[in-house]
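Q: The letter at position 160 of the sequence shown is residue 159 when you use numbering that gives the first Met the number 0, and the numbering goes up by one with no holes.
Just so you know, even glycine gets a beta-carbon here, dropped at the ideal spot from N, CA and C.
Got a structure for you, written out below as structure tokens; questions coming shortly.
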Amino acid sequence: MRSIFESISSLIVHRPKHVLGALILLFIASLVGMTMLNMQTGSETYLDKSTPKGIAFSHYEDTFSHDTLVILIESNDSLAPDVIAYIDEITPGLKNLQYITSVSSIADLVKQANGGVIPRSTGEIKILKENIPSETLNRYIPSHLLTMMMVRLDVGMTDKKQKSVMKNVRSFLNSSHPPPGVTVTLTGNPVFQKEMGEELSNSMKTLIMGAMVLMIAVLGLLFGYVSYRFIPVLIVAIGLVFTFGIMGLCGVSINTAVIAAFPVLIGLGIDYAIQFHARMEEEARKGSLENAVRMTITRTGPAVFFAMLATTMGFIAMFISPVPMIRSFGLVAIIGVAICYFTSLIGIPLIAVLIKYKPKVSIGVDKPTRADLFLSKTAVAIAKNPVPILMVVVLFAFIGLQVDSSIPISTNERTFVPSDMPAKVSLDKVGRTIGSTTPVPVMVTGNNVLSPDVLQWIEMFQQNEEKMYMEITGSSSIVDYIKIYNDGTIPKTQYEIDQIISRIPEGIRDGFVNGRTETLIEFSIKRLEMPQQDELKNQMNNDLVLMTQPPGIKASITGNFDLFTSLISDIAKSKEEMTLLGFVLIVIFLALVYRKIHAITPIVPIVCVVGWNAVAMLILNIDYTPMTACLGSMTIGVAAEYTILIMERYLEERETAASTLDAIRESVRKIGSAVMVSGFATFFGFSALMLSNFNMISNFGLTTIIAVLFSVTGAITIMPAVLSVLDHLISDLHGIEEKVLHQPQKE
């Protein structure tokens, strides 16, 4: 490996302009790649569409869950003739817009029940209303002040086409003439996802700019002992452009988790850049610039490379998660960390050669020396009494690992986004009126789901669930509409059923039936927290087992209700598996790289930090989300770097030191403040996450900066204790071995 770094240093020293030209070409290619980036929101960030469950979910979405725009019409009386007439008036115009499949509303039902015309009086409408099932009525009129129109969009539309449709619908509504006192608002999931994407884009800019500003502040305060102290900021900025470019060229989409990864990359990237820059300054003071470049690349390059690999162990563990968002975080983090490392490895020496780097005259050394002395004294004090310290920290870690499973898991997407996002506000308004806006869809499949016996089973299942669970406020299916058009009964023959179904408006019929092979039951529920929804789903699944379907018929819960409740178990299971795999990977990595018994010492502080994280989350009342679920495995990677730095320096000092305490004193004195500065740089990079107006990202930011503080604390305080105990054990074992070997044998 050393020959590789020697070659890099030789190339930079002797052909800097060639290296610069190559980097410029890569930079231009990255700028092109950035134009290929796209924003990803919706179910694909939570569910892998290539899995059997994902394929089934996609089929449900394509068949029954066409993206639907909801037009909210607020008035003093939702059944007023002028309101219903207005709805009827704008319906043809909406249907004529491109990419719209159907438009349904209360006007369709009223006209169908009144010979194709809208009644002129409220009294007539109220009489007609009595003949419409309450669940069907609530679908369009959730309250006496609110009316909803459902605008179904074509299947398989691109984001660009969806945005075009929303723009056209909004323009059409703005040009319409609602009655006086009537307010018309466009909302629905497509609007929610569009606004979420826009907010994510704005949040990404805020986070990156915030992180860069914080990095400038940190370098200004803590990195004044070197020349050109802000070079690391430039290096990280270039590294980010390269990362964006590779993402675009490789087709990696930007989602909530990916956005959260960038401040993490900035924090880690600035750490690497600081280490290379500090070594360059140190070597430039000793000799020629050429030698400084060679020493920086050949000495610091491998050390930081191994630290970078240790960090990626935690990110690699994320690939076992079934949640695409978590996997994308791990992927982007690995790409970004590697890019930031190589940008620092090549960029800082290259800049030094091009500008003919001059080191700063050594001033202000006292402060870091005093800090080093304080840290070394603390480390020695701990090393003299390691057992009590270890007992306390391990106890807190054990408590954290035990309470971890009791921390709630939040998977409600609407709690992740800014509270003032217009689409969220309008959907919350509907939710407060009708309960949850996420129905419980039950997909019924078979050879003929419209046969009399299947329809009878559907009716029985609806009635049973409504009676059994107070959380269910109503249900709707094709059976309800068949009964509307057949005097309240289900026909006994297939011919009658087919005749009646042909009379049901297409916009309503297609929402419940797909040919003869699939039909849908939708249950409306109260506003429930996600764990309560998960419990309700499990109870309903049990009912589907107990209430045997007719031969050849299968029924199962699907849709967003199933997606986000299943996400709870996915997160609960995968966060533990990711953390465990992270531990295994870091142990294997340390064993392969160092091949000494001391290689296991970083595991103790890493385990402690993971346990402390859980205690902090419990105290701060922070739930697990798809983002904070990454915390355990990410912490393993971050904490590994600091603990490995202490361990490496200790092993180096142990070769010449008279005792374990002397080795600990010297190792912490020489590297302690460097670890602290590195930790502060990473801390401030991560803290930019707290600037996000997305609750999920800001909470993740809070937990990550706590994890960084714990990691630095663990490296400075726990590592001396562990090293002291291990050396005492080794010494005792050697003593026993000596006694056994030299004990005189009895004759």
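1) What's the C-alpha gap between Ala302 and Ile605?
2) Tell me whether the beta-carbon of Thr44 lies closer than 7 Å to the beta-carbon of Met324.
3) Apply the 10 Å Cβ neighbour rule to Leu220 and answer buried if 16 or more other Cβ atoms are within range, or exposed otherwise.
4) Starting from the C-beta of Pro451, find all residues in its chain whose C-beta is less than 8 Å away, skip the five residues before and the five after it, and write them out in chain order.
5) Can you tell me whether Glu129 is buried or exposed, with buried defined as 16 or more other CB within 10 angstroms of its CB?
6) On the DSSP letters alone, give me the boundaries of the beta strand (DSSP E) that Arg151 sits inside.
7) Where does Ser658 land, buried or exposed, given buried means 16+ other C-beta within 10 angstroms?
8) Could you name the residues that DSSP lists as bridge partners for Met442?
9) Can you list, in chain order, the residues of its chain whose CB lies under 7 Å from that of Ala749, leaving out five sequence neighbours each side?
10) Along the chain, where does the beta strand (DSSP E) that runs through Pro71 open and close?
11) Starting from Leu264, trace the beta strand (DSSP E) in both directions and tell me its first and last residue.
12) Regarding Val251 and the ligand COA, is the C-beta to nearest heavy atom distance less than 6 Å?
13) If Ser476 and Leu519 are in contact, beta carbons under 8 Å, what's the gap, nearest whole angstrom?
14) Would you report the Cα separation of Leu93 and Gly180, rounded to the nearest angstrom?
15) Using DSSP with H/G/I as helix, E/B as strand and the rest coil, what is Ser8?
16) Out of curiosity, what's the CA-to-CA distance linking Thr157 and Val393?
17) Looking only at C-alpha atoms, which of Phe522, Arg508 and His17 sits nearest to Glu458?
18) For the structure I just gave you, are there three or more beta carbon pairs, one from the segment 635-649 and one from the segment 665-679, closer than 8 Å?
19) So is Leu330 buried or exposed if we call it buried at 16+ other beta carbons inside 10 Å?
20) Under 8 Å, with one C-beta from each stretch per pair, do the segment 617-629 and the segment 667-685 reach the 3-pair mark?
21) Which residue's Cα is closest to the Cα of Cys339: Leu25, Arg151, Ile269 and Pro407?
22) Return the bridge partner residues of Ile471 from the DSSP annotation.
23) Which partner residues of Val183 appear in the DSSP bridge assignment?
24) Measuring only the C-alpha atoms, how far is Asp365 from Gly636?
25) List the DSSP bridge partners of Met38.
26) Take Asn411 and list the residues in its own chain whose beta-carbon comes closer than 6 Å to its own, dropping the five residues that flank it on each side.
27) Are Asn559 and Thr472 touching if we call contact CB-CB under 7 Å?
28) Do Ala272 and Ser343 have their C-beta atoms within less than 7 Å of each other?
29) With 16 as the cutoff for other CB atoms within 10 Å, does Leu30 come out buried or exposed?
30) I'd like to know whether the C-beta atoms of Ser104 and Tyr139 end up nearer to each other than 7 Å.
31) Straight-line CA distance for Met33 to Gly250?
32) For Asp66 and Met149, I'd like the C-alpha separation in whole angstroms.
33) Going by CA-CA distance only, name the one from Tyr480, Ile347 and Glu517 that's closest to Gln111.
34) Exposed or buried, Phe191, counting other C-beta atoms within 10 Å across all chains shown (16 or more means buried)?
A: Walking through what the data contain:
1) In the sequence shown, residue 302 corresponds to position 303, counting from 1. In the sequence shown, residue 605 corresponds to position 606, counting from 1. The alpha-carbon atoms of Ala302 and Ile605 are separated by roughly 20 Å.
2) In the sequence shown, residue 44 corresponds to position 45, counting from 1. In the sequence shown, residue 324 corresponds to position 325, counting from 1. The answer is yes: Cβ separation under 7 Å.
3) In the sequence shown, the residue the question calls residue 220 occupies position 221. When all chains shown are included, Leu220 counts as exposed.
4) For the purposes of this step, residue 451 is identified with residue 452 of the sequence shown, where counting begins at 1. Cβ neighbours of Pro451 beyond the five flanking positions: Ile489, Pro490, Lys491, Thr492, Gln493 and Ile496.
5) By 1-based counting over the sequence shown, the position of residue 129 is 130. Exposed, since its Cβ has fewer than 16 Cβ neighbours within 10 Å.
6) Taking the first residue of the sequence shown as position 1, residue 151 is located at position 152. First-last of the beta strand (DSSP E) with Arg151: Leu145 to Leu152.
7) Translated into positions along the sequence shown, residue 658 becomes position 659. With fewer than 16 other Cβ atoms within 10 Å, it is exposed.
8) In the sequence shown, counting from the first residue as 1, residue 442 sits at position 443. In the DSSP output, where bridge partners are listed per residue, Met442 has Leu519 and Ser555.
9) No information on residue 749 is available, as it lies outside the stretch 0 to 746 that the chain covers here.
10) For the purposes of this step, residue 71 is taken as the residue at position 72 of the sequence shown. Residue identity differs from the one stated: residue 71 is Leu in this sequence, not Pro. Thr67 to Glu73 is the span of the beta strand (DSSP E), which, as asked, contains Leu71.
11) Residue numbering aside, residue 264 sits at position 265 when the sequence shown is read from its first letter. Where Leu264 is concerned, there is no enclosing beta strand (DSSP E), although the alpha helix (DSSP H) it sits in stretches over Thr255 to Lys285.
12) In the structure shown, the ligand COA is absent, as is every other ligand, since no ligand is present at all.
13) Along the sequence shown, one-based indexing puts residue 476 at 477. Along the sequence shown, one-based indexing puts residue 519 at 520. Sure, about 7 Å apart at Cβ, within 8 Å.
14) Residue 93 sits at position 94 when you count from the first residue of the sequence shown. Residue 180 sits at position 181 when you count from the first residue of the sequence shown. Approximately 22 Å, taken between the alpha carbons.
15) As a working note, residue 8 is residue 9 in the sequence shown. Helix at Ser8.
16) The residue given as residue 157 occupies position 158 in the sequence shown. The residue given as residue 393 occupies position 394 in the sequence shown. When rounded, the distance between both Cα atoms is 52 Å.
17) By 1-based counting over the sequence shown, the position of residue 458 is 459. Taking only the C-alpha atoms, the option nearest Glu458 is Phe522.
18) yes
19) Residue 330 sits at position 331 when you count from the first residue of the sequence shown. It is buried - the Cβ of Leu330 has at least 16 other Cβ atoms within 10 Å.
20) no
21) For the purposes of this step, residue 339 is taken as residue 340 along the sequence shown, with counting starting at 1. Nearest C-alpha to Cys339: Ile269.
22) Along the sequence shown, read from residue 1 onward, the residue named residue 471 stands at position 472. Beta-bridge pairing links Ile471 to Ile524.
23) For the purposes of this step, residue 183 is taken as residue 184 along the sequence shown, with counting starting at 1. Partner(s): Ile72.
24) Reading the sequence shown from its first residue, position 366 is the one you call residue 365. Reading the sequence shown from its first residue, position 637 is the one you call residue 636. For Asp365, the predicted structure reports a pLDDT of 44, less than 50, and the residue's modelled location is therefore unreliable. A value from the coordinates is still provided. Rounded to the nearest angstrom, the two C-alpha atoms are 32 Å apart.
25) On the sequence shown, residue 38 is found 39 positions in, with the first residue counted as 1. In DSSP, Met38 forms a bridge with Ile253.
26) On the sequence shown, residue 411 is found 412 positions in, with the first residue counted as 1. Same-chain partners within the cutoff: Met529.
27) Position 560 of the sequence shown, counted from the start, is the residue given in the question as residue 559. Position 473 of the sequence shown, counted from the start, is the residue given in the question as residue 472. No.
28) Within the sequence shown, the letter at position 273 stands for residue 272. Within the sequence shown, the letter at position 344 stands for residue 343. Yes, they are a contact pair.
29) In the sequence shown, counting from the first residue as 1, residue 30 sits at position 31. Looking at its Cβ environment, which holds fewer than 16 other Cβ atoms inside 10 Å, Leu30 is exposed.
30) Position 105 of the sequence shown, counted from the first residue, corresponds to residue 104. Position 140 of the sequence shown, counted from the first residue, corresponds to residue 139. Closer than 7 Å, so yes.
31) Position 34 of the sequence shown, counted from the first residue, corresponds to residue 33. Position 251 of the sequence shown, counted from the first residue, corresponds to residue 250. Rounded to the nearest angstrom, the two C-alpha atoms are 10 Å apart.
32) Here residue 66 is taken as the residue at index 67 of the sequence shown, counted from 1. Here residue 149 is taken as the residue at index 150 of the sequence shown, counted from 1. Near 10 Å, if we compare the C-alpha coordinates of Met149 and Asp66.
33) Position 112 of the sequence shown holds residue 111. Taking only the C-alpha atoms, the option nearest Gln111 is Tyr480.
34) In the sequence shown, counting from the first residue as 1, residue 191 sits at position 192. The residue in question, Phe191, is buried, as its Cβ has 16 or more Cβ neighbours within 10 Å.
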